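Residue numbers (this note's numbering): 7 to 362.
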Ligand code: ATP
Ligand code: MG
């Protein structure tokens with residue numbers, strides 16, 4: 007079916023087919039933890055935590071800094087009706103060896119693997135999945151908290167893959183996935199958080215946002231869909247909104263799936279070359295790719311502005327699917343463990359089991 011998960015392809019019959027390992031592990035370190043600390047500074051190996059704007063909520067999985075290619079060509083007219091192509095120079099930056107157009111970009115190295123091997127990472131992810139299934143049941147039984155997982159990233163960064171590979175062992179009754187697409191006319195007629203608030207998981211549930219309210223400061227900004235003053239003011243609105251959720255028992259984990267421009271191209275190529283993956287490809291994806299540098303800037307600023315202690319961002323190196331899954335799996339399991347969930351006691355009194 008696809009290879010967006012941990013590097014395993016699943017064929018039409020559901021049999022697992024081994025996908026070639028795209029690259030070997032680099033760097034050393036103990037891998038990402040939910041609240042990693044970075045001993046070697048922002049660009050060193052090992053677990054990393056980067057305080058976001060003093061808020062302490064921007065966390066980066068381990069990695070060595072690496073420039074992500076960018077080009078300054080404008081996009082062809084896109085679905086948003088903005089932008090015109092200046093040329094065909096889509097991949098000029100990456101062909102030139104990852105040259106940079108400058109400006110802020112998502113920190114960290116998308117290729118990082120935290121010193122893990124693929125085999126060990128996949129084994130650990132399997133264990134995390136089993137633990138997650140147990141913790142999800144406890145979350146439901148306990149009923150005091152909800153868990154909200156926000157997945158953001160460029161096209162083909164693996165948002166669907168995380169859902170499929172990290173959460174596949176969980177009881178489907180306990181998880182709701184919500185994919186945020188272009189707002190419908192009804193949604194556009196409301197404030198930008200209206201549709202989001204309705205999708206927030208109730209206590210006992212895990213909610214996964216595949217894209218989210220962050221699109222309203224990303225795609226909306228890149229395509230100039232609202233004036234700058236409007237999208238900029240949304241940083242504060244989002245922080246307040248997430249604060250409200252956190253105070254209401256919603257634990258929020260936000261993951262920025264960080265892929266390189268080169269890896270995105272490889273994934274697009276695979277989608278184009280394999281008929282079974284054509285459905286995953288949209289010409290819009292190529293048009294959005296033309297805006298790579300602008301998205302990098304938008305992501306970088308958003309990560310700084312919206313990293314808070316109650317709703318931290320984790321930047322996940324996502325060129326290696328197996329490492330991406332491991333980082334997210336660890337963080338999700340750790341967050342649930344921290345809740346100290348327990349099964350409720352058998353109720354006594356009128357109406358309790360065994361009475362009447
Ligand atoms: P897939 O991996 O299947 O392509 P996707 O999340 O890219 O998943 P699409 O249907 O291809 O899904 O695209 C949804 C599009 O909707 C994205 O390009 C996203 O930027 C856009 N979108 C989401 N929220 C908003 C928003 N608030 N305003 C404008 N566009 C939005
Ligand atoms: Mg898409």
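Here a beta-carbon is modelled for each residue, glycine too, at the ideal position from N, C-alpha and C. Values in this document were obtained by computation on a predicted structure and should not be read as measured data.
Tell me whether the beta-carbon of residue 308 lies closer than 7 Å to the beta-carbon of residue 226. Reading the chain shown from its first residue, position 302 is the one you call residue 308. Reading the chain shown from its first residue, position 220 is the one you call residue 226. No, they are not a contact pair.
Could you tell me which of 329, 340, 286, 316 sits nearest to residue 119, measuring between CA atoms? Sequence index remark: in the chain shown, residue 119 carries index 113 (1-based). Answer by Cα proximity: 329.
For residue 375, verify whether its CB is less than 6 Å away from any heavy atom of the ligand ATP. The requested residue 375 does not occur in the structure, where the chain is confined to residues 7 to 362.
Would you say residue 210 and residue 149 are within 7 Å of each other, going by their C-beta atoms? By one-based count along the chain shown, residue 210 stands at place 204. By one-based count along the chain shown, residue 149 stands at place 143. Yes, Cβ-Cβ distance for residue 210 and residue 149 is below 7 Å.
Where the beta carbon is closer than 6 Å to any heavy atom of the ligand MG, which residues qualify, in chain order? Per the CB criterion, closer than 6 Å to any heavy atom of the ligand MG, the qualifying residues run in chain order as 161, 288, 291.
Could you check whether the segment 143-157 touches the segment 291-298, counting it as contact only if at least three pairs of C-beta atoms, one from each stretch, sit closer than 8 Å? Touching, no.
What span of residues does the beta strand (DSSP E) with residue 256 cover, start to end? The residue labelled residue 256 in the question sits at position 250 within the chain shown. 256-264 is the extent of the beta strand (DSSP E) around residue 256.
Residue 215 beta carbon near the ligand ATP (any heavy atom closer than 6 Å): To locate residue 215, count along the chain shown from 1; it is residue 209. Flag unset: Cβ of residue 215 not near the ligand ATP.
Per-residue burial, residue 269 [other beta carbons within 10 Å of its own, 16 or more giving buried]: As a working mapping, residue 269 is identified with position 263 in the chain shown. Looking at its Cβ environment, which holds 16 or more other Cβ atoms inside 10 Å, residue 269 is buried.
With respect to 6 Å, is the separation between the Cβ of residue 247 and the closest non-hydrogen atom of the ligand ATP below this value? Residue mapping note: residue 247 aligns to position 241 of the chain shown, counting from 1. Every heavy atom of the ligand ATP is 6 Å or more from the Cβ of residue 247, so no.
Looking at residue 187 and the ligand ATP, is the gap between the Cβ and the nearest heavy atom below 6 Å? If you number the chain shown from 1, residue 187 lands on position 181. True, at least one ligand heavy atom lies under 6 Å from that Cβ.
Kindly confirm or deny that the segment 250-264 and the segment 152-168 touch, where touching means at least three C-beta pairs closer than 8 Å. yes
Is residue 226 close to the ligand ATP? I mean its beta-carbon at under 6 Å from any heavy atom of the ligand. Looking up residue 226 in the chain shown gives position 220. Yes, the ligand ATP has a heavy atom inside 6 Å of this Cβ.
Which partner residues of residue 244 appear in the DSSP bridge assignment? Translated into positions along the chain shown, residue 244 becomes position 238. Paired residues: none, contrary to the question.
I need the straight-line Cα distance from residue 197 to residue 190, nearest angstrom please. Numbered from its first residue, the chain shown carries residue 197 at position 191. Numbered from its first residue, the chain shown carries residue 190 at position 184. If I take the Cα positions, the gap works out to 12 Å.
Mind checking whether the beta-carbon of residue 310 lies closer than 6 Å to any heavy atom of the ligand ATP? Within the chain shown, residue 310 is the residue found at index 304, counting from 1. Residue 310 Cβ: outside cutoff for every heavy atom of the ligand ATP.
CA nearest to the CA of residue 213, picked from 345, 221, 169: Along the chain shown, one-based indexing puts residue 213 at 207. Minimum Cα distance to residue 213 is reached at 169.
Identify every residue that forms a DSSP beta bridge with residue 181. Translated into positions along the chain shown, residue 181 becomes position 175. Residue 181 is bridged to 212.
Could you give the distance in angstroms between the alpha-carbon of residue 121 and the alpha-carbon of residue 311? Your numbering for residue 121 matches position 115 in the chain shown. Your numbering for residue 311 matches position 305 in the chain shown. Answer to the nearest angstrom: the Cα atoms are 30 Å apart.
Do residue 222 and the ligand ATP come close, with the Cβ less than 6 Å from some heavy atom? Counting from 1 along the chain shown, the entry for residue 222 is found at position 216. Flag set: Cβ of residue 222 near the ligand ATP.
Quick one, are the C-beta atoms of residue 113 and residue 324 less than 7 Å apart? For the purposes of this step, residue 113 is taken as residue 107 along the chain shown, with counting starting at 1. For the purposes of this step, residue 324 is taken as residue 318 along the chain shown, with counting starting at 1. Result no, Cβ atoms of residue 113 and residue 324 do not sit closer than 7 Å.
Residue burial classification, residue 266 (beta-carbon count within 10 angstroms, cutoff 16): As a working note, residue 266 is residue 260 in the chain shown. That one is buried.
Pick from 246, 200, 339, 301 that is closest to residue 161, judged by C-alpha positions: Here residue 161 refers to the residue found at position 155 of the chain shown. It is 301.
Do the segment 128-143 and the segment 331-338 make contact, defined as three or more Cβ pairs closer than 8 Å? yes
Between residue 304 and residue 64, which are expected to be in contact by the criterion C-beta below 8 Å, what is the C-beta distance as a whole number of angstroms? Sequence index remark: in the chain shown, residue 304 carries index 298 (1-based). Sequence index remark: in the chain shown, residue 64 carries index 58 (1-based). Residue 304 to residue 64, Cβ: 15 Å. No contact.
Nonlocal neighbours in the same chain, by C-beta distance under 6 Å from residue 273, ignoring five residues either side: Residue 273 sits at position 267 when you count from the first residue of the chain shown. 162.
Would you mind stating whether residue 165 and residue 216 have Cβ atoms separated by less than 7 Å? Within the chain shown, residue 165 is the residue found at index 159, counting from 1. Within the chain shown, residue 216 is the residue found at index 210, counting from 1. Cβ distance < 7 Å, so residue 165 and residue 216 count as in contact.
Go through its chain and collect everything with a Cβ distance to residue 240's Cβ below 7 Å, but skip five positions before and after it. The residue given as residue 240 occupies position 234 in the chain shown. Cβ neighbours of residue 240 beyond the five flanking positions: 198, 222, 223.
Which runs of the alpha helix (DSSP H) at least 4 residues long sit entirely within the segment 153-202? Give them in chain order. 165-172, 191-194
Within 10 angstroms of the Cβ of residue 220, are there 16 or more other Cβ atoms? Answer buried if so, exposed if not. Mapped onto the chain shown, residue 220 falls at position 214. The residue is buried, with at least 16 neighbouring Cβ atoms inside 10 Å.
Residues of its chain near residue 318, where Cβ-Cβ distance is below 6 Å and the 5 sequence neighbours each way are ignored: For the purposes of this step, residue 318 is identified with residue 312 of the chain shown, where counting begins at 1. The residues are 63, 65.
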